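Asker: Pasting in a structure now, in structure tokens, and then I'll have a few things to ask.
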Amino acid sequence: MKKIIQINTVCYGSTGKVMKNIQKNAEEKGFKTLSIYGRGKGYNDLNCIKIGGFFSFWLHVILSTVFDSQGYHGSYFKTKKIVKILKKENPDVIYLHNIHGYYLNYPVLFNFLKNDYNGKIYWVFHDCWPFTGHCAYFTLKKCKRWKKECHNCPNKKVYPISLIFDNSKKNYLRKKEIFNSLTNVTIITPSDWLNHLVKKSFLKKYDVKTINNTIDESIFQSKKNDEILQKYNIDKSKKIVLGVANIWEERKGLNDFIKIATKLPNDYQVVLVGISKRQKKKVPNNIICISRTENQNDLAVLYSSAYVFVNPTYEDNYPTVNLEAIACKTKVICYDTGGCKEQIINGKGFIVPVGNINKLIKGIIE
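Structural data, given as structure tokens:
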């Protein structure tokens, strides 16, 4: 029986869902599968192993925050544990997902992949981190240093945050050397947008394929349930303007949603899923905040009940939340960033210029 092992930061959120879908599909085709992850909870219905720990995580956070060394100085012994599993299982295929996120030491992993592994490697890019000297996205800063050589990073204060040193040049050159050391890699990008960027980066020697993210359409489909709306104190008589994010960081457009809520007519109701307790204190009372839905079925009902799904993300790749809303027969309005316009086609919604609140509101009302 052939084996597939996947490695990712987490088993939740958009990247975790992509990993889960790959694992489920592989098992249905007769593969033996395993997912290795660094943080949070694993799958209940699929084979997975958590390798991260409290001490190694925070040590990695501290080293990365001080020395700008994401994926380099920390998690040495935890990555040795991953290598030990890979040697024991000897999989036919390894899927790499996010290898950043304070859980993995990439020199240790790539040393094994280069010298001791002969199988096939698919590396799924969920952002731009593999070919930059620091950041996961550079769209907001309009930075092009990654094309030649990163230095004096303008994104030093965003994930992965570095508060003291700027090692973007060293990181860039180190990644360029280590990540180009393999011969058995195919890079997979969920969007043509990211595909084109990779082909302009120092990783252009590799075969790059676009394979769009998929979602579980047995869950995400049009479904209505007034009891779910009541559970979250949502007035079904109003036009629901829904926003969903795993983490409402700055680039996801939370501030834009706050502006939208003050300008929409009274018959509209903004509902945001994924809001933290800290953020909830800063969000105006006219927005209904939901930290997490109890399950994905509840989320599908919210998508289906929404008048429109709005995704004011400033930087993104190929957002699965857009796909989930479309699968639930709800129109999507999104900023023109990343691969979003590859999703919202054939009358499925509107694409508007990044940061244009007025056109966002006009799209909602239309």
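Each residue of the sequence shown is one higher than the one before, counting from 8 in the working numbering.
Built from N, CA and C at the ideal position, the CB exists for glycine as well.
Computed from a predicted model, the values in this text were never measured in an experiment.
(1) If contacts are defined as beta-carbon pairs under 8 angstroms, then D263 and I364 qualify, I think. What distance do you get, rounded to the angstrom?
(2) If we count the other Cβ atoms within 10 Å of its Cβ and call it buried at 16 or more, is S188 buried or exposed?
(3) I need the boundaries of the beta strand (DSSP E) containing L41, first residue and last residue.
(4) Starting from F3, follow its DSSP beta bridges and name the residues at the other end.
(5) What does the alpha-carbon distance come out to for the pair Y166 and H104?
(6) DSSP three-state label for N15, please.
(7) Might you give, ordered along the chain, the residues of its own chain that have their beta carbon closer than 6 angstroms to the beta carbon of V68, omitting 5 neighbours on each side?
(8) Please classify I128: does DSSP put it in a helix, a strand, or coil?
(9) In this structure, how does DSSP classify I247 when only helix, strand and coil are distinguished?
(10) From W130 to D214, what distance separates their C-alpha atoms?
(11) Mind the definition here: the segment 294-308 touches the segment 168-188 only if three or more C-beta pairs lie below 8 angstroms; say whether that holds.
(12) Rank Q350, G345 and C142 by C-alpha distance to the C-alpha of Q77 and give the top, closest one.
(13) For I89 versus I43, is the C-beta distance shorter than 8 angstroms?
(14) Hey, P137 and L210: beta-carbon distance below 8 angstroms or not?
(15) Between which two residues does the beta strand (DSSP E) carrying V165 extend?
(16) Distance, Cα to Cα, I14 vs T193?
(17) Could you tell me which residues DSSP pairs with I375 in its beta bridges?
(18) Just to confirm, are V248 and V359 a CB contact at a threshold of 8 angstroms?
(19) Would you tell me roughly how many angstroms separate the C-alpha atoms of K9 and N32, rounded to the nearest one?
(20) Ordered along the chain, which non-local residues of its own chain (more than five positions away) have a Cβ less than 8 angstroms from that of I368?
(21) How about C55 and G47: do their beta carbons lie closer than 8 angstroms?
(22) Do K85 and S63 have their beta-carbon atoms positioned less than 8 angstroms apart in this structure?
(23) Taking the alpha carbon of I333 as the reference point, which residue from L309, N324 and G345 has its own alpha carbon closest?
(24) Which residues mark the beginning and the end of the alpha helix (DSSP H) in which C347 is found?
(25) Just the C-alpha distance for Y124 and D305, rounded to the nearest angstrom, thanks.
(26) Rounded to whole angstroms, what is the Cα-Cα separation between N293 and Y79?
(27) Have a look at L66 and V73 and give me their C-alpha separation to the nearest angstrom.
(28) Find out if the Cβ-Cβ distance for the pair K149, N162 is shorter than 8 angstroms.
(29) On the DSSP bridge list, what partners appear for Y1?
(30) Tell me whether F7 sits in a helix, a strand or coil according to DSSP, three-state version.
(31) Along the alpha helix (DSSP H) that carries I333, what are the first and last residues, could you check?
(32) Mark D323 as exposed unless 16 or more other C-beta atoms lie within 10 angstroms of its C-beta, in which case mark it buried.
(33) Which residue comes first and which comes last in the alpha helix (DSSP H) that contains L116?
(34) Under 8 angstroms between the Cβ atoms of Q286 and I241?
(35) In whole angstroms, give me the CA-to-CA distance for F117 and C160.
(36) Going by C-alpha distance, which of I226, N97 and K155 is nearest K207?
Answerer: With the structure as the only source:
(1) 6 angstroms
(2) exposed
(3) K39 to R46
(4) Because the chain spans 8 through 373 in this model, residue 3 falls outside it and cannot be assessed.
(5) 17 angstroms
(6) strand
(7) Y109
(8) strand
(9) strand
(10) 11 angstroms
(11) no
(12) C142
(13) yes
(14) yes
(15) Where V165 is concerned, there is no enclosing beta strand (DSSP E), given that its DSSP letter is neither H nor E.
(16) 15 angstroms
(17) Here the chain has residues from 8 to 373 only, and residue 375 is not among them.
(18) no
(19) 14 angstroms
(20) I267, K270 and L271
(21) no
(22) yes
(23) L309
(24) C347 to Q350
(25) 43 angstroms
(26) 44 angstroms
(27) 11 angstroms
(28) no
(29) Because residue 1 is not part of the residues shown, which for the chain are 8 to 373, the question remains open.
(30) No information on residue 7 is available, as it lies outside the stretch 8 to 373 that the chain covers here.
(31) T327 to A334
(32) buried
(33) Y113 to N122
(34) no
(35) 25 angstroms
(36) K155
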